[in-house]
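Below is one structure, written out as structure tokens; the observations come after it.
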Amino acid sequence: MVRVNDSSDHKVSLQIAAVILRAKEVLFDIEYDPSEGRLFIDPSKTSLKAALLPNGNSFTSLPLGHSVHLEENYNDLSMILEKINYQEHRWMVCGDFKMLTILLDQQAGYTKYPCFLCLWDSRVRYLHWTKPGWSLRDALTPGEKNAINTILVPPEKVLLPPLHIKLGLMK
Numbered sequence: 007m008v009r010v011n012d013s014s015d016h017k018v019s020l021q022i023a024a025v026i027l028r029a030k031e032v033l034f035d036i037e038y039d040p041s042e043g044r045l046f047i048d049p050s051k052t053s054l055k056a057a058l059l060p061n062g063n064s065f066t067s068l069p070l071g072h073s074v075h076l077e078e079n080y081n082d083l084s085m086i087l088e089k090i091n092y093q094e095h096r097w098m099v100c101g102d103f104k105m106l107t108i109l110l111d112q113q114a115g116y117t118k119y120p121c122f123l124c125l126w127d128s129r130v131r132y133l134h135w136t137k138p139g140w141s142l143r144d145a146l147t148p149g150e151k152n153a154i155n156t157i158l159v160p161p162e163k164v165l166l167p168p169l170h171i172k173l174g175l176m177k
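Quick note: the sequence shown uses the numbering used here, first residue 7, plus one each step.
Here is the structure:
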């Protein structure tokens with residue numbers, strides 16, 4: 007688990023999740039495969055947590071990071087992803103829409119192009135219920151179409167929140 011203490015001297019104490027993953031391999035004879043889990047980042051009013059959720063119900067979730075001092079912003083999430091070695095494991099990522107917006111480094115709030123998959127125009131209300139298809143977004147280029155900086159997670163590694171799909175809000 008990565009425990010981040012963001013005090014005035016910015017001390018960072020680490021217990022590497024890789025050690026826990028290796029221990030699971032040795033103790034339980036489980037082979038670790040990064041594609042069999044997904045990274046879940048959960049912001050709340052009091053803390054910011056990251057956990058590795060296994061696909062299926064075979065194993066329990068593995069806490070990777072926790073902080074009561076960090077906030078849900080680009081810099082803090084970038085630091086957490088660096089500390090848990092996200093670039094090495096390249097897990098699929100899930101979270102709420104606000105968290106995904108930060109990870110994909112899009113502008114927050116009422117924006118013209120809120121979707122990271124397509125160029126759905128939120129301000130053309132008369133087309134929302136009549137236009138069946140919107141053009142796909144080529145890339146999240148910083149400075150264009152509500153993208154601010156470079157992305158922290160590739161868009162193909164993002165899982166949409168299942169509740170929105172079930173309710174029919176996503177097609």
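The C-beta atom is built at its ideal place from N, Cα and C for all residues, glycine as well.
Exercise for the section: Indicate whether residue 46 and residue 130 have their beta-carbon atoms separated by less than 9 Å. Expected result: One-based indexing of the sequence shown puts residue 46 at position 40. One-based indexing of the sequence shown puts residue 130 at position 124. Not a contact, by the Cβ cut-off of 9 Å.
Exercise for the section: Can you grab the Cα-Cα spacing for the pair residue 76 / residue 136, in whole Å? Expected result: As a working note, residue 76 is residue 70 in the sequence shown. As a working note, residue 136 is residue 130 in the sequence shown. Their Cα atoms are separated by approximately 42 Å.
Exercise for the section: Sort 51, 39 and 50 by Cα distance to residue 58 and report the nearest one. Expected result: Numbered from its first residue, the sequence shown carries residue 58 at position 52. Answer by Cα proximity: 39.
Exercise for the section: Return the chain-ordered list of same chain residues with a C-beta closer than 7 Å to the C-beta of residue 42, the five sequence neighbours on each side being excluded. Expected result: Against the sequence shown, residue 42 aligns to sequence position 36. Scanning its chain for C-beta atoms nearer than 7 Å, with the 5 sequence neighbours on each side dropped, one finds around residue 42 the residues 60 and 61, in chain order.
Handout entry: Terminal residues of the alpha helix (DSSP H) in which residue 82 lies
Key = By 1-based counting over the sequence shown, the position of residue 82 is 76. Per DSSP, the unbroken alpha helix (DSSP H) holding residue 82 starts and ends at 80-89.
Practice task
Ignore the nearest five residues each way along the sequence and tell me which others in residue 68's own chain have a CB closer than 6 Å to its CB.
Solution key: By 1-based counting over the sequence shown, the position of residue 68 is 62. Excluding sequence neighbours, residue 68 sits near 58.
Exercise for the section: In angstroms with no decimal places, state the Cα-to-Cα distance between residue 171 and residue 165. Expected result: The count along the sequence shown starts at 1 and reaches residue 171 at position 165. The count along the sequence shown starts at 1 and reaches residue 165 at position 159. No answer about residue 171 holds up, because its pLDDT of 48 lies below 50 and its placement is not dependable.
Exercise for the section: State the DSSP-derived secondary structure class of residue 95, mapped to helix, strand or coil. Expected result: By 1-based counting over the sequence shown, the position of residue 95 is 89. DSSP places residue 95 in helix when its eight states are reduced to three.
Problem - Local Cβ density within 10 Å of residue 133, reported as buried at 16 or more and exposed below that - result: Indexing the sequence shown from 1 puts residue 133 at position 127. Exposed, since its Cβ has fewer than 16 Cβ neighbours within 10 Å.
Problem - Straight-line Cα distance separating residue 139 from residue 92 - result: Looking up residue 92 in the sequence shown gives position 86. Looking up residue 139 in the sequence shown gives position 133. Roughly 33 Å between the two C-alpha positions.
Practice task
Drop a sphere of 10 angstroms on the beta-carbon of residue 15, count the other beta-carbons inside from all chains shown, and report buried for 16 or more, exposed for fewer.
Solution key: Residue numbering aside, residue 15 sits at position 9 when the sequence shown is read from its first letter. Residue placement at residue 15 cannot be trusted, given a pLDDT of 33 that sits under 50; the coordinates are not used to answer.
Practice task
Note down, in chain order, each residue of its chain lying with its Cβ closer than 7 Å to the Cβ of residue 80, except the 5 sequence neighbours on either side.
Solution key: Locating residue 80 in the sequence shown gives position 74, where the first residue counts as 1. Excluding the 5 residues flanking it on each side, residue 80 has same chain C-beta neighbours closer than 7 Å at 108, 111 and 155, in chain order.
Practice task
Counting only the same chain and skipping the five closest in sequence on each side, list residues whose C-beta sits under 7 Å from that of residue 105.
Solution key: As a position in the sequence shown, residue 105 is number 99, starting the count at 1. Here the set comprises 47, 49 and 78.
Practice task
Have a look at the DSSP bridge pairing and note the partners of residue 164.
Solution key: What you label residue 164 is simply residue 158 of the sequence shown in a count that begins at 1. The partner list for residue 164 (beta bridge, DSSP) reads 99.
Exercise for the section: Determine the direct distance from the alpha carbon of residue 157 to that of residue 73, and round the result to whole angstroms. Expected result: Here residue 73 is taken as the residue at index 67 of the sequence shown, counted from 1. Here residue 157 is taken as the residue at index 151 of the sequence shown, counted from 1. As the crow flies, the alpha-carbon of residue 73 is around 22 Å from that of residue 157.
Practice task
Determine which residues share a DSSP beta bridge with residue 55 and list them.
Solution key: Counting from one through the sequence shown, the residue named residue 55 turns up at place 49. In DSSP, residue 55 forms a bridge with 48 and 72.
Problem - Residue from 102, 97 and 167 whose Cα sits closest to the Cα of residue 159 - result: By one-based count along the sequence shown, residue 159 stands at place 153. Out of 102, 97 and 167, 97 has the C-alpha closest to the C-alpha of residue 159.
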